[in-house]
Amino acid sequence: MRHLLSIEKLSRTEMEEIWKASTILKKERRLQLKRPLAGQTWSLLFSKSSTRTRVSFEVGIRELGGQVMFLSAHEIQLGRGEPIKDTARVLGRMVHGAVIRTFAQSDVEEFAQYSGISTVNALTDDEHPCQILTDIFTFQEKRGPIEGKVVTFVGDGACNVPASWIFAAAKLNFELRIAAPKAYQPAASLLARAGGKIICMEDLKAAAGGADLFYTDVWVSMGKEAESAERIRHLAGYQINQDLIRLAKPGALVMHCLPAYRGKEITEDAFEANAGTIFDQAENRLHVQKAILSWLVQ
Ligand code: CP
Ligand code: NVA
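Each residue of the sequence shown is one higher than the one before, counting from 98 in the numbering used here.
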C-alpha cells in the first residue's frame, strides 16, 4: 500500500519516477490513454480552503477514470468530533483512496494507518508535498536538473511549503536559502532532520545574489489568521519585487504556490512579469498529481 504523506519520506528515485510519468501524462492529456483509477471512488477530505488542490485532484481523478467525492470536514461528523481513526475506518471500507487537507500531520498519518487505503497529504501544517513535487517538476521543465542550483525562498520560512522545500533540497542536492526574520525561520530540529545545504538568513539581499529561482508563499498561512497583523508587521520587507529580482542570476525564475497577496510577499509588477511561470506551475499541479495517483495504485 503506497501513500504520499510527505517529501521527508519520499526518495529521490520515487520523485523521479513521478516526474517521468508527469511528463507523459502532460503530453498525452488529450488522448487520456491511461485510466488506472477505473472502477474506483476517491474521497477528498478537506478541513481548509482550496482552489488549486481541490480542482486539480477532482479533474485528475476523473481523467484517470475514477469517481470523486468531496467531503468538507465541517459537513461530516469529523467536524463534530468523530475521531479521525473512526472516519478512516469507515472511508476505508467504502472508497479506494483519500486526499486529505488538514492541520496536524499526525491526522494524515493516522488516517493512512487506520483506513488501509492510499492516502495523499494535500497540505498539512507541516508539509505540502504535492506542491513541491510540482514546483520542482516545473523548474526542471524550464531549466533542466535542479541539482547544483540555488533556490531562494523569501517570506515565512517556518510554514509547510518551505518545510517541503527543505526536505527536497537534501535529496536533490541543490542549495536552499531561506530569507526570513529570525522568528520565521525553520525550526533547528527540522533542519537537523533534513540535512542538506540549507542556509537560513535575515539578509534578503545576500540570499538573493546568484539565485536560479525565487520562491514565496503567503505570510499568513491557513490557521494563522489570528496572527495576521503581527505577521504582516514582522514579515514586511521579505518581499519579491523587481529590485530583488535584479540581484538574481539572469533568467532566474520566480514562483509562487498561490494564492498571492500583492503588496505583501510579492509586488503586483513582479507577479505579473512572472505570471507565465506561476500559472504553468499552477497547471502542473494537475499533471503531477495524476502521476502521483497513478504511482499510488501501481
Ligand atoms: N497552492 C495551493 O495548494 O493552492 P490551494 O490552496 O488553492 O489549493
Ligand atoms: N502556507 C500556505 C500554503 C497555501 C497553499 C498555507 O498553509 O496556507
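Glycine included, each C-beta is placed from N, C-alpha and C at the ideal position. Fair warning: this is a prediction, and the values are worked out from it, not measured in the lab.
Looking at residue 250: is its Cβ nearer than 8 Å to the Cβ of residue 221?
In this structure, residue 221 does not lie closer than 8 Å to residue 250 by Cβ.
Just to check my reading of the structure: residue 207 and residue 257 have Cβ atoms closer than 8 Å, yes? What is that Cβ distance to the nearest angstrom?
Between residue 257 and residue 207 the Cβ distance is about 18 Å, and since that is not below 8 Å, they are no contact.
Would you call the stretch 345 to 356 in contact with the stretch 317 to 335, where contact means no fewer than 3 C-beta pairs closer than 8 Å?
Inter-segment contact for the stretch 345 to 356 and the stretch 317 to 335 is absent: fewer than three beta-carbon pairs are separated by less than 8 Å.
Around the C-beta of residue 171, are 16 or more other C-beta atoms found within 10 angstroms, so that it is buried, or is it exposed?
Here residue 171 is exposed: its Cβ has fewer than 16 other Cβ atoms, across all protein chains shown, within 10 Å.
Near the ligand CP, which residues have their beta-carbon closer than 7 Å to a heavy atom?
Neighbourhood of the ligand CP, defined by CB distance below 7 Å to any of its heavy atoms: 146, 147, 148, 149, 150, 151, 220, 225, 228, 354, 355 and 356, in chain order.
Sub-8 Å separation of residue 301 and residue 266 beta-carbons:
No, Cβ-Cβ distance for residue 301 and residue 266 is not below 8 Å.
Backbone CA spacing between residue 358 and residue 329 [nearest angstrom]:
As the crow flies, the alpha-carbon of residue 358 is around 11 Å from that of residue 329.
May I have a chain-ordered list of the alpha helix (DSSP H) segments no shorter than 4 residues that lie completely inside the stretch 236 to 311?
Here the runs fully enclosed are 257 to 269, 285 to 291 and 301 to 305.
What separation, rounded to the nearest whole angstrom, lies between the Cα atoms of residue 291 and residue 299?
So the alpha carbons of these two residues sit roughly 20 Å apart.
For the ligand NVA, is there a heavy atom less than 7 Å away from the beta-carbon of residue 377?
Result no, Cβ not under 7 Å from the ligand NVA.
With H, G and I counted as helix, E and B as strand and the rest as coil, what does DSSP make of residue 218?
Correct three-state label for residue 218: strand.
Could you check whether the stretch 132 to 149 touches the stretch 165 to 185, counting it as contact only if at least three pairs of C-beta atoms, one from each stretch, sit closer than 8 Å?
They touch, by the three-pair rule.
Per-residue DSSP class, three states only, for residue 152
DSSP places residue 152 in the helix class (H, G or I) of the three-state scheme.
How close, in whole Å, do the beta carbons of residue 332 and residue 252 come, if the pair is a contact with beta carbons under 8 Å?
The Cβ separation is near 6 Å, so the contact holds.
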